[in-house]
Amino acid sequence: MAPIEQLLTIMATLRDPDKGCDWDNAQHFASIVPHTLEEAYEVADAIERENWSDLKDELGDLLFQIVFYSQLGREENHFDFEDVVRGICDKLIRRHPHVFGPKDAQGKPLMAPDWEGIKAKERAEKSSSVQPESVLDGVTQGLPALIRAYKLQKRCARVGFDWPTVAPVIDKVREEIEEVEQELAQTSVNQARVEEEVGDLLFAVVNLARHLGTDAEQALRRANQKFESRFRKVENHLRDNEKNIQQCQLDELESAWQAVKKANK
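For the sequence shown, full-length UniProt numbering assigns the number 1 to the initial residue and increments by one for each residue that follows.
The structure is reproduced here in structure tokens:
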């Protein structure tokens, strides 16, 4: 039995009402979404750590999520694993006409790459006759917020709703910071308004990253890693100096932070 067939058989057995696992039998499409997201982030983490053994395991865990959804789809007569595989094969061939399409006598493709154009055509074909088509159709609600902000902005840029240079984008970031400060200066701070302005600020920062050719999600992940690494060194620095971090004043913590930064330049 091929490994993928074995995996599908294991999944079906886990979902067997009589012989299966109680936990697996209790799951449904929505209940396993958090596990899928967690597995995807663990794949990204293994890649960032360049731990290829962990990556192999994490990819297996992520594949299991796809098999799980496929089993649920088969049980409810929506689709099965073969449908999923067939669908992605068809999509990849359709979206790469320059690779899989017709060639001239010299073997050169007769069609140019048009990934976004083909995707737009697919969205138009899927769009409901009831709801008007939008350039924002298909930007998934469940994406991480930074990634979704980037995709919304990129879609709008395709129809010309975008600044042509980075200078006004930086000005917009400054404007949003000022609006946060204005809310904080109110006699009675409205937390809902503060949250709204902070959201606008984050959206503007994502736009700045996009104009600079930087992936905002990846940039923030690396900033998190850098902060974590430095803070752990601060803890070690304080331990080396026989200090308890929980008893240190802010100026001591800041001094240790600066010492770590200087040592790592």
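Here a beta-carbon is modelled for each residue, glycine too, at the ideal position from N, C-alpha and C.
Determine the burial state of H78: buried for a count of at least 16 other Cβ atoms within 10 Å of its Cβ, exposed for fewer. Translated into positions along the sequence shown, residue 78 becomes position 78. Classification of H78: exposed, given that the 10 Å Cβ count is below 16.
CB contact flag (V206, L136, <8 Å): Taking the sequence shown and counting its residues from 1, the one referred to as residue 206 is at position 206. Taking the sequence shown and counting its residues from 1, the one referred to as residue 136 is at position 136. For V206 and L136, no; Cβs fall outside 8 Å.
Looking at V198 and V173, is the spacing between their C-beta atoms short of 8 Å? Locating residue 173 in the sequence shown gives position 173, counting from the first residue. Locating residue 198 in the sequence shown gives position 198, counting from the first residue. No, Cβ-Cβ distance for V173 and V198 is not below 8 Å.
Return helix, strand or coil for K103, following the three-state DSSP convention. On the sequence shown, position 103 is the one that residue 103 refers to. Here K103 sits in strand by DSSP.
Run of the alpha helix (DSSP H) containing F68, from where it starts to where it stops: Walking along the sequence shown from the start, residue 68 turns up at place 68. Unbroken alpha helix (DSSP H) run through F68: W52 to E75.
Put P3 into one of helix, strand or coil per three-state DSSP. Taking the first residue of the sequence shown as position 1, residue 3 is located at position 3. Three-state DSSP puts P3 in a helix.
Decide if Y41 is buried, meaning its Cβ has at least 16 other Cβ atoms within 10 Å, or exposed. Mapped onto the sequence shown, residue 41 falls at position 41. Looking at its Cβ environment, which holds fewer than 16 other Cβ atoms inside 10 Å, Y41 is exposed.
Hey, could you find the ends of the alpha helix (DSSP H) E235 is sitting in? In the sequence shown, counting from the first residue as 1, residue 235 sits at position 235. Here the alpha helix (DSSP H) through E235 covers A216 to D240.
According to DSSP, what are the bridge partners of P109? Against the sequence shown, residue 109 aligns to sequence position 109. K103, per the DSSP bridge assignment.
Within 10 angstroms of its Cβ, does S70 collect 16 or more other Cβ (buried), or is it exposed? Reading the sequence shown from its first residue, position 70 is the one you call residue 70. Buried, since its Cβ has 16 or more Cβ neighbours within 10 Å.
Considering Cα atoms alone, identify which of D80, R49, E38 and E48 is closest to T9. Stepping through the sequence shown from its first residue, residue 9 is reached at position 9. Of the candidates D80, R49, E38 and E48, the one whose C-alpha sits nearest the C-alpha of T9 is D80.
Between the CA atoms of E176 and A192 - distance to the nearest angstrom: Position 192 of the sequence shown, counted from the start, is the residue given in the question as residue 192. Position 176 of the sequence shown, counted from the start, is the residue given in the question as residue 176. Cα-Cα distance, rounded: 15 Å.
What separation, rounded to the nearest whole angstrom, lies between the Cα atoms of S129 and P97? Numbered from 1 along the sequence shown, position 129 holds the residue referred to as residue 129. Numbered from 1 along the sequence shown, position 97 holds the residue referred to as residue 97. Since pLDDT at S129 reaches only 48, below the 50 mark, its modelled position is unreliable, and no value is offered.
Anticipated Cβ contact below 8 Å, R155 with V139, distance rounded: As a working mapping, residue 155 is identified with position 155 in the sequence shown. As a working mapping, residue 139 is identified with position 139 in the sequence shown. That belief holds up - the Cβ atoms of R155 and V139 are roughly 6 Å apart, short of 8 Å.
State yes or no: is the C-beta of V85 nearer than 7 Å to some heavy atom of the ligand FMN? This structure simply doesn't include the ligand FMN, nor any ligand for that matter.
Please report the Cβ distance between V166 and H237, rounded to the nearest whole angstrom; I am assuming they are in contact, meaning their Cβ atoms lie under 8 Å. By 1-based counting over the sequence shown, the position of residue 166 is 166. By 1-based counting over the sequence shown, the position of residue 237 is 237. So it is not a contact: roughly 38 Å between Cβ atoms.
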